[in-house]
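See below for the structure under consideration.
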Amino acid sequence: KPMQSGVGDDQFIRKHALWGTSPSASSSLQEEQSSSQQPRLSTQVLFSWNTPTSPHTASRLERKPCSDAQLLQTLYDQLASDLSSSSSTSRTTTTYIETAGGVLSPAA
């Protein structure tokens, strides 16, 4: 997730987004993740603000600005890093980038 403001939903994603599995399947997936070298599910937030409003407003209120160029470069660097680490293993990697309106937003 490139940016978020207010309460973060990355913990929610980690808890509930185990591909819609049942609690017992979730347990086995968590066991598999702990026994493997790399987790099957990971979440990242590149820029975060505490104020529960739009990111552009929160960044101004908290005096922690983030330019479009900075956001794009950081996202590019993260994707390049993910691609590099996945190419060093035999695993296939799928990346989802959450944009406006995350799972905990009022319209979701």
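In the working numbering, the protein residues as written are 90 to 197. The C-beta atom is built at its ideal place from N, Cα and C for all residues, glycine as well.
| query | When the Cα atoms are used, what is the spatial distance from P154 to S143? | reply | Each residue's alpha carbon lies about 13 Å from the other.
| field | Inter-residue spacing [alpha-carbon to alpha-carbon] between S113 and S156 | value | Model confidence at S113 stands at a pLDDT of 47, short of 50, so the residue's coordinates are unreliable and nothing is read from them.
| request: With a cut-off of 8 Å on the beta carbons, I'd call A158 and S94 a contact; round off their distance for me. | output: Incorrect: roughly 20 Å between the Cβ atoms, too far for contact.
| message | Considering only their Cβ atoms, is the gap separating P91 from L160 smaller than 7 Å? | response | Going by C-beta atoms, L160 is nearer than 7 Å to P91.
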